[in-house]
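Trainee: Going letter by letter, the sequence shown gives residues 29 to 447 in our numbering.
Backbone N, C-alpha and C fix where the C-beta goes; we use that ideal spot for every residue, glycine too.
What you are looking at is a predicted structure, and each value in this text was computed from that prediction instead of being measured.
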Amino acid sequence: MAQKEDPAVTTFREYIRINTMHPNPDYGPCTEFLKKQGKVLGAEVKVLELGPGNPTVVMTLPGTDPSLPSIMLNSHTDVVPVFPEHWKYDPFSAHKEENGDIYGRGTQDMKCVGMQYIEALRKLQKGGKGTFLRTIHLTFVPDEEDTGTYGMNMFVESETFLKMNVGFALDEGYANTGEEFFVFYGERSPWNLWVKCKGQPGHGSQFLEDTAGEKLRRVSDSFLAFRDQEEDRLKKDSKLALGDVTTVNLTMLKGGVEFNVVPKDIDDRPLVVSLCSYVVICGVQFNVGGVQFNVVPAELSVGFNIRVPPTMDMDALEAKMQGWCREAGKDVIMDFQNQTKCPQTTCVEDGKSAWWDAFAGACKKEDIKLIKEIFPAATDSRYLREIGIPALGFSPMNHTPLLSRPQRVSQRENIPARH
């Protein structure tokens, strides 16, 4: 006879089956599912729609002393798009293998954590320990995987959030293949920018001076040389983790001509244009570099994705980048598409924070070994740290491989649980 599935696993799989994938997450069924889970917990449930079609669900378990700062357990409900060719099963089927592996988008990032919050509280209630001194809020926010604008960014400015009186928060972390659990006390700030290079246009048969291409090469060399320095620093210092260094990646190239559709000839066939580069945005817009092979363009642009740790002097780094542009030549300009500066971190030193001491003490009691790091990407925790609320990134998944996003497909059912 097949082993009966734990109700917590059944609930988790139900959550995975709800398609909240960008660009069109189906938040309606997700909200109804979460309202049902809140009812099972006996929590007060509130739904806020701070942005059109972007509901935030708040479950509240009042404490015996509601005047004390509350504890917030946060997770996001949206997931990133899937690459079907990397999937063994339908990413929203929550298929479970005989060995307990569960396949689905969001299993690690981060629907499992939201369900862990609920299951932990449910077990405490079942064991007669479900009454707490402080009020506990479980928040399920949208839009984390896009911009965060209609999720945590707007939520922390809402009247509902202010009334919650949050003193400490938990949010997402990473899985770890070893015995230890990662806990993140800060995160790197994402910068997305174009470097626009203008120069002398002309015919490709000439040695033209002051061309956009020459400037693009020089400025790209400066950015990528810094990338090499940071990568080398990470490799040579075993005490450093990815979140401790700055990553720089050239991700976009663009020329001076843009088409909103693929150009076609008189017979409606795709027109072959001589390109020096192209970019596909959202699978629709084509940004075409140059005019044709024998024409030197007047403008070329290069795009970088940069992740800056809180230990870096961000103003000094920006000034250095401006210097690289000046060194590359006249009319080389940086244009930030997004620039976040989040140097705030949460104290994780013993004896210096009551919140950390409580968290670390509980982990020690359960013999949970922690690895303290800076989160290498971006999470909703930054919005909390920016307003002075200590937040830790903690996804309790050890003995679990961290799967890259295209392959982030499975979660294991049968890892021994800690209560």
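The alpha helix (DSSP H) spanning GLN367 covers which residue range?
Mentor: Taken as a continuous stretch (DSSP letters only), GLN367 belongs to no alpha helix (DSSP H), being part of the beta strand (DSSP E) at 360-367.
Trainee: Go through its chain and collect everything with a Cβ distance to SER305's Cβ below 7 angstroms, but skip five positions before and after it.
Mentor: Per-residue confidence for SER305 stands at a pLDDT of 39, beneath the threshold of 50, marking its modelled position as unreliable; no derived number is given.
Trainee: Applying the 10 Å Cβ sphere with the 16-neighbour rule, what's the burial state of GLU125?
Mentor: Result: exposed.
Trainee: Going by DSSP in three states, LYS139 sits in which element: helix, strand or coil?
Mentor: Helix, per DSSP.
Trainee: Quick test of the definition: if touching needs 3 or more C-beta pairs under 8 angstroms, does the segment 33-46 touch the segment 121-138?
Mentor: Yes, since at least three Cβ pairs between the segment 33-46 and the segment 121-138 fall closer than 8 angstroms, the two stretches touch.
Trainee: Can you give me the Cβ contacts of GLU258 inside the same chain, cut-off strictly under 8 angstroms, excluding the 5 residues immediately before and after it?
Mentor: Answer for GLU258: VAL273, THR274, THR275, VAL276, listed in chain order.
Trainee: Would you report the Cα separation of VAL308 and ASP93, rounded to the nearest angstrom?
Mentor: Because the pLDDT at VAL308 is just 38, under 50, the model does not fix this residue reliably, and the value given afterwards should be weighed accordingly. Approximately 54 angstroms, taken between the alpha carbons.
Trainee: Output the boundary residues of the alpha helix (DSSP H) element that contains LEU345.
Mentor: Element bounds for LEU345: 342-356.
Trainee: According to the neighbour-count rule (16 or more other Cβ atoms, all chains shown, within 10 Å of its Cβ), is VAL68 buried or exposed?
Mentor: Exposed, by the Cβ-count rule.
Trainee: Can you tell me which residues form a DSSP beta bridge with LEU76?
Mentor: LEU76 is bridged to THR84.
Trainee: Looking only at its own chain, which residues have a Cβ that is under 7 angstroms from the Cβ of ALA240, when we skip the five neighbours before and after it?
Mentor: Answer for ALA240: CYS225, LYS226, GLY227, PRO325, ALA326, GLU327, LEU328, listed in chain order.
Trainee: On the premise that PRO112 lies in contact with HIS50, defined as a C-beta separation below 8 angstroms, what is that separation, rounded to the nearest angstrom?
Mentor: Not really, about 15 angstroms apart at Cβ, beyond 8 angstroms.
Trainee: Would you kindly work out how many angstroms separate the C-alpha atoms of GLY176 and GLY79, rounded to a whole number?
Mentor: C-alpha separation (whole angstroms): 11 angstroms.
Trainee: Taking all protein chains shown into account, do 16 or more other C-beta atoms lie within 10 angstroms of the C-beta of ASN181, making it buried, or fewer, making it exposed?
Mentor: Classification of ASN181: buried, given that the 10 Å Cβ count is 16 or more.
Trainee: DSSP three-state call for MET180: helix, strand or coil?
Mentor: In the structure shown, MET180 sits in a helix (DSSP, three-state: H, G or I).
Trainee: Three or more C-beta pairs closer than 8 angstroms, one from the segment 143-160 and one from the segment 199-214: is that the case here?
Mentor: With the cut-off at 8 angstroms, the segment 143-160 and the segment 199-214 do not touch.
Trainee: For the alpha helix (DSSP H) holding PHE235, just list the boundary residues, first then last.
Mentor: PHE235 -> no alpha helix (DSSP H), and no H or E assigned at all.
Trainee: If you drop the 5 nearest sequence neighbours on each side, which residues of the same chain put their C-beta closer than 6 angstroms to that of THR428?
Mentor: Only ALA203 meet the Cβ criterion.
Trainee: Using DSSP bridges, identify the partner residues of GLY331.
Mentor: For GLY331, which the question treats as bridged, DSSP gives the partners TRP222, MET280.
Trainee: With a threshold of 16 other CB atoms inside 10 Å of the CB of GLN365, please say whether the residue is buried or exposed.
Mentor: Counting Cβ neighbours within 10 Å, GLN365 comes out exposed, since fewer than 16 surround it.
Trainee: At which residue ranges does the segment 391-418 contain complete beta strand (DSSP E) runs of 3 or more residues, listed in the order of the chain?
Mentor: Runs of the beta strand (DSSP E) inside the segment 391-418: 398-403.
Trainee: Considering just the uninterrupted stretch of the beta strand (DSSP E) at GLU215, what are its terminal residues?
Mentor: Note, GLU215: beta strand (DSSP E), 209-215.
Trainee: Relative to the alpha-carbon of LYS32, which residue among GLY128, SER95, ARG162, MET87 has its alpha-carbon at the smallest distance?
Mentor: When only C-alpha atoms are compared, the closest one is GLY128.
Trainee: Once the 5 residues before and after THR368 are set aside, which same chain residues still bring their CB inside 8 angstroms of it?
Mentor: Result list for THR368: SER217, PRO218, TRP219, ALA406, ARG410, in chain order.
Trainee: Taking its Cβ as the centre, do 16 or more other Cβ atoms sit within 10 Å of GLN144, making it buried, or is it exposed?
Mentor: Classification for GLN144: buried.
Trainee: Would you identify the three-state DSSP class for ALA203, choosing helix, strand or coil?
Mentor: Correct three-state label for ALA203: coil.
Trainee: Tell me whether SER6 sits in a helix, a strand or coil according to DSSP, three-state version.
Mentor: For the chain, the structure presents residues 29 to 447; residue 6 sits outside this window and is missing.
Trainee: Considering just the uninterrupted stretch of the beta strand (DSSP E) at PHE168, what are its terminal residues?
Mentor: Element bounds for PHE168: 164-169.
Trainee: Count the other C-beta atoms from every protein chain shown that fall within 10 angstroms of the C-beta of LYS393, then say buried if there are 16 or more, exposed otherwise.
Mentor: Exposed is the call here.
Trainee: Is the separation between the beta-carbon of GLY421 and that of GLU200 shorter than 9 angstroms?
Mentor: Result yes, Cβ atoms of GLY421 and GLU200 sit closer than 9 angstroms.
Trainee: Going by beta carbon distance, what residues of the same chain come within less than 6 angstroms of ASN82, once the five residues before and after it are set aside?
Mentor: So the qualifying residues of the chain are PRO170, ASP171, TYR178.
Trainee: Between the beta-carbon of LYS348 and the beta-carbon of PHE254, is there less than 9 angstroms?
Mentor: Result yes, Cβ atoms of LYS348 and PHE254 sit closer than 9 angstroms.
Trainee: Only counting the same chain, and skipping five residues up and downstream in sequence, which positions put a Cβ closer than 6 angstroms to that of ASP238?
Mentor: Only GLY227, GLN228 meet the Cβ criterion.
Trainee: Answer yes if the segment 385-400 comes into contact with the segment 55-69, meaning at least three C-beta pairs across the two stretches below 8 angstroms, and no otherwise.
Mentor: Flag = no, the segment 55-69 and the segment 385-400 do not touch.
Trainee: Checking the sheet assignment: what are the DSSP bridge partners for GLY421?
Mentor: For GLY421, which the question treats as bridged, DSSP gives the partners ASP199, PHE212.
Trainee: Going straight from the alpha carbon of ILE361 to that of ASP249, what length do you get?
Mentor: One C-alpha to the other measures close to 15 angstroms.
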